[in-house]
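Data block below; observations after.
Protein chains: 4
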Amino acid sequence: MKNNRDPDRTRSRILAAATQDFARHGLGGARVDRIAARAGANKRMLYYYFGSKDDLFLAALEESYAQIRNAERALDLEHRDPREAIKRLVEFTWDYYLGHPEFMTLLGSENLHEGRHVRRSRRVRELHTPLVQTLRGILRRGEREGLFRKGVDPVQLYISIAGEGYFYLSNRYTLSRIFGRDLVARRALGARARHIVAMVLNALRR
Amino acid sequence: MKNNRDPDRTRSRILAAATQDFARHGLGGARVDRIAARAGANKRMLYYYFGSKDDLFLAALEESYAQIRNAERALDLEHRDPREAIKRLVEFTWDYYLGHPEFMTLLGSENLHEGRHVRRSRRVRELHTPLVQTLRGILRRGEREGLFRKGVDPVQLYISIAGEGYFYLSNRYTLSRIFGRDLVARRALGARARHIVAMVLNALRR
Amino acid sequence: MKNNRDPDRTRSRILAAATQDFARHGLGGARVDRIAARAGANKRMLYYYFGSKDDLFLAALEESYAQIRNAERALDLEHRDPREAIKRLVEFTWDYYLGHPEFMTLLGSENLHEGRHVRRSRRVRELHTPLVQTLRGILRRGEREGLFRKGVDPVQLYISIAGEGYFYLSNRYTLSRIFGRDLVARRALGARARHIVAMVLNALRR
Amino acid sequence: MKNNRDPDRTRSRILAAATQDFARHGLGGARVDRIAARAGANKRMLYYYFGSKDDLFLAALEESYAQIRNAERALDLEHRDPREAIKRLVEFTWDYYLGHPEFMTLLGSENLHEGRHVRRSRRVRELHTPLVQTLRGILRRGEREGLFRKGVDPVQLYISIAGEGYFYLSNRYTLSRIFGRDLVARRALGARARHIVAMVLNALRR
DNA sequence: GATGAATGAGGGTTCATTCAT
DNA sequence: GATGAATGAACCCTCATTCAT
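Residue numbers (the working numbering), protein chains in the order written: chain A, 6 to 211; chain B, 6 to 211; chain C, 6 to 211; chain D, 6 to 211.
Printed below as a string of structure tokens:
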């Protein structure tokens with residue numbers, strides 16, 4: 006059951022294992038040995054394909070960004086009623102974080118290291134141009150239709166939408182402890198989703 | 006320049022150095038040698054006063070929580086107009102994160118490790134009971150006075166207020182990169198502060 | 006409940022704690038902190054009274070030697086029938102090792118370190134002169150009375166008597182394992198005692 | 006002078022160096038750095054091959070047990086006159102301890118630690134089954150031929166044979182000191198060998 | 001493309017001992 | 001006689017990376 010002689014699968018198995026390990030333990034806490042073992046690959050292969058632990062981390066991060074942006078594009082927000090579009094985006098973002106906690110941890114690690122990997126990546130930058138355009142379009146249409154108040158910056162809005170979910174989920178352990186509540190109980194999650202939608206939509210009202 | 010024979014100062018110098026190093030490098034990335042050196046103390050003293058790296062991390066975290074909650078209490082929110090109180094809290098929270106980036110990184114580390122330190126800390130739990138009471142009171146008064154919509158959960162609201170600032174600031178490196186903007190430029194920071202205030206107050210409107 | 010101002014008790018408590026710790030963990034494995042804690046004394050006192058860990062070890066060893074030789078002298082072997090005297094000595098030695106396992110461990114440690122403490126101790130040497138004299142006397146009387154064979158060296162005999170018990174008891178863990186028997190079960194201990202007595206008495210027969 | 010690329014030699018060099026260091030300094034006193042240096046290997050290799058200092062100790066112990074039992078088997082005791090067989094075993098055991106002092110120290114360490122390594126080792130247990138069988142056979146033949154007294158337990162006898170040499174040699178430093186004799190002078194060693202043979206054979210007589 | 005063996009720098013922690021009071 | 005605070009050397013172990021095959 007060796008994974009010999011299927012370079013693509015070897016590569017992608019390493020990347021998957023790495024994403025998992027980086028997510029669970031952070032960049033510094035991830036272990037090259039563990040990643041190789043989990044991927045069923047020789048440690049040397051990891052260097053063969055990715056060059057270094059840092060490069061592997063960047064590859065994992067790029068891949069994760071690509072995935073969320075891909076899923077986002079499929080929402081088809083441009084052709085919907087502005088309020089509906091915002092609601093969909095809010096719910097999608099919440100659900101995505103909920104379903105992909107590793108993505109948040111990857112972001113956390115990258116920011117702990119002051120974005121030193123992402124800075125070198127052209128791909129990451131390119132992935133995000135469309136997102137801003139789309140949001141700007143929705144906001145404009147909402148303003149014209151008298152639904153939204155004026156002057157809302159699409160970037161600020163996106164960061165708000167993401168932040169409402171990110172902070173709750175990425176910091177769920179400390180928040181659960183300080184507030185004495187299990188914030189990831191099923192009912193709590195549902196309540197949070199409704200809260201965020203209400204917050205954002207109300208905040209945009211004229 | 007020995008720092009002999011002033012146990013309190015030695016202890017607090019170690020704690021300060023530790024907070025800094027944990028903030029900059031995360032729990033795993035922090036170095037016991039570096040902390041001791043920065044504190045001008047012998048490495049052994051760190052263990053003498055705190056027992057282990059993990060216990061030192063918890064001490065740093067508890068201290069940080071205590072500081073933000075102390076500052077928060079000084080806002081005297083109970084005796085203010087509900088809208089004013091919320092605005093002050095929002096601005097305070099933003100300013101605090103802005104002025105204490107190490108606090109965010111500490112939280113990030115603790116959550117990466119699934120809250121395993123904070124779980125053992127009674128102190129952290131106790132520090133937060135008053136905060137929720139205060140917020141609940143403000144929301145009630147706002148409802149009674151017809152200013153705020155009903156049914157807003159104080160815990161959810163607090164997480165929103167904090168999340169709006171936390172995500173923007175803690176993830177400033179990746180966000181700056183993906184949106185192609187310097188999010189910590191002075192003007193950008195001012196814009197974000199205004200955005201958050203507007204978001205939260207608008208969201209609470211009846 | 007401080008043990009202030011009773012120097013003799015402090016000293017002897019330290020010595021007792023040290024003997025225990027050296028016995029349990031060996032010279033290298035013993036811990037100065039643990040000894041002080043167990044003695045309810047400040048660590049500095051240990052150095053005040055004994056000078057160093059090594060000197061403390063020697064003190065413990067000397068004290069232990071003194072105790073076994075004292076108990077031995079009380080057997081009053083000189084005035085007994087030679088066979089009876091040997092039997093008493095064999096049984097005493099066995100019982101003493103059984104009741105004072107820490108003595109064996111102390112000896113083990115000292116020999117691991119090639120006797121470097123005992124070499125400096127005049128006291129230890131002096132403690133043992135009478136023992137050889139006594140044994141020599143018993144053997145001579147036994148020979149004259151036609152009970153024992155000739156030419157048995159008292160030192161060799163003593164080492165045999167001690168060795169029969171020492172090896173069995175000091176190596177009880179490995180021996181129990183390799184022979185698949187619990188050598189310190191009550192019945193096993195009784196059997197060993199009888200075996201040793203029989204061995205030695207039979208070996209001395211004419 | 007790199008010792009690259011000969012895994013078997015590397016492994017066995019580490020094991021040999023470890024055996025020496027454990028023997029000389031005990032388990033606690035042995036130093037991983039020293040072992041690696043003496044083996045001409047990188048310290049990391051020690052962990053690569055053996056996992057931990059404790060596992061390395063067990064490996065050394067197992068290997069030492071295997072060696073003495075191997076040499077013992079070569080004595081071919083089953084086909085000899087019972088008295089001759091016992092004599093050969095006694096002399097072999099004495100000579101082996103004399104020639105392999107490290108084996109005694111290893112046993113001493115293991116027992117200081119209450120047999121915690123050997124307990125996990127199936128190999129050690131298995132190595133010793135044949136020995137007891139052989140001794141039992143010799144004793145039975147001796148009884149039938151009217152040479153030996155009845156009721157001697159082979160395990161007890163073996164422990165006596167080993168103990169007579171072990172105690173004398175392992176405790177040679179303290180014993181030499183307390184009796185004021187050099188017990189490892191050539192003549193003393195010869196005398197001890199003769200003493201043990203005489204003791205054991207006389208003790209078995211009918 | 002793939003492998004097991006090897007490396008050296010440094011990780012957190014513990015130690016016996018001493019200083020200032 | 002007694003104490004808490006301080007020291008620096010060293011301990012076992014782990015890491016990302018590279019070499020030889």
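Positions of the beta carbon are idealized from the N, C-alpha and C atoms, including for glycine.
Secondary structure of residue i, DSSP reduced to three states
i	result
Arg210 of chain C	strand
Ala203 of chain A	helix
Asn176 of chain D	coil
His116 of chain A	According to the sequence shown, residue 116 of chain A is Asn rather than His. Of the three classes helix, strand and coil, the one that applies to Asn116 of chain A here is helix, per DSSP.
Asn75 of chain D	helix
Ala44 of chain C	coil
Leu111 of chain D	helix
Ser57 of chain A	coil
Ser126 of chain B	coil
Leu189 of chain B	The displayed chain sequence assigns Val, not Leu, to residue 189 of chain B. Val189 of chain B falls in the coil class under three-state DSSP.
Ala35 of chain D	coil
Leu80 of chain D	coil
His30 of chain B	helix
Arg141 of chain B	helix
Arg253 of chain D	One cannot answer for residue 253 of chain D here, as it falls past the ends of chain D, which runs 6 to 211.
His105 of chain B	coil
Asp100 of chain C	helix
For residue i, the residue or residues it bridges with in DSSP
i	result
Phe153 of chain A	A:Arg210
Min CB distance residue i to chain D below 8 Å
i	result
Met204 of chain C	yes
Phe208 of chain C	The sequence as given places Ala at residue 208 of chain C; Phe does not occur at that position. Closer than 8 Å to some Cβ of chain D, the Cβ of Ala208 of chain C qualifies, so yes.
Leu61 of chain C	no
Glu169 of chain C	yes
Ser175 of chain C	yes
Asp38 of chain C	no
Gly120 of chain C	yes
Chain A contact for residue i (CB, 8 Å cutoff)
i	result
Ile73 of chain B	no
Ala23 of chain B	no
Val95 of chain B	no
Glu77 of chain B	no
Thr110 of chain B	yes
Leu51 of chain B	no
Straight-line Cα distance separating residue j from residue i
i	j	result
Asp11 of chain B	Ser17 of chain B	10 Å
Arg146 of chain D	Ala23 of chain C	51 Å
Thr110 of chain D	Thr98 of chain C	23 Å
Arg128 of chain A	Thr179 of chain B	13 Å
Ile223 of chain C	Arg43 of chain C	Since the first residue shown for chain C is 6 and the last is 211, residue 223 of chain C is missing from the structure and cannot be characterised.
Arg36 of chain B	Lys58 of chain A	20 Å
Tyr53 of chain D	Ala64 of chain D	14 Å
Pro87 of chain A	Arg192 of chain A	28 Å
Asn8 of chain A	His30 of chain A	Here Asn8 of chain A scores only 46 on pLDDT, less than 50, and its place in the model is too uncertain to base an answer on.
Leu194 of chain B	Ala76 of chain B	21 Å
Ile201 of chain D	Arg154 of chain C	15 Å
Arg74 of chain C	Val205 of chain C	21 Å
Asp60 of chain B	Leu117 of chain B	16 Å
Selected residue, minimal CA-CA separation from residue i, among the options
i	options	result
Arg121 of chain B	A:Asn176, A:Asn207, A:Ala196 and A:Ile40	A:Asn176
Ser165 of chain C	D:Glu67, D:Met109, D:Arg43 and D:Ala203	D:Ala203
Met50 of chain C	C:Asp26, C:Asp13 and C:Glu83	C:Asp13
Arg93 of chain B	B:Arg29, B:Asn47, B:Ala79 and B:Leu66	B:Ala79
Phe27 of chain C	C:Ser114, C:Gly147, C:Asp158 and C:Asp86	C:Ser114
Arg199 of chain B	A:Ser181, A:Gln161, A:Tyr70 and A:Gln138	A:Gln161
His84 of chain D	D:Leu112, D:Gly168 and D:Gly142	D:Gly142
Arg125 of chain D	D:Phe62, D:Arg191 and D:Val205	D:Phe62
Glu67 of chain D	C:Arg182, C:Ile201, C:Leu206 and C:Lys155	C:Arg182
Leu152 of chain B	B:Asn116, B:Ala208 and B:Arg186	B:Ala208
Residue-chain proximity (residue i, chain B), Cβ-Cβ < 8 Å
i	result
Leu180 of chain A	yes
Met6 of chain A	In this predicted model, Met6 of chain A has a pLDDT of only 37, less than 50, meaning its place in the structure is not dependable; the value taken from the coordinates is given anyway. No, no contact with chain B.
Gln138 of chain A	no
Beta carbon proximity, residue i to chain C, threshold 8 Å
i	result
Tyr101 of chain D	no
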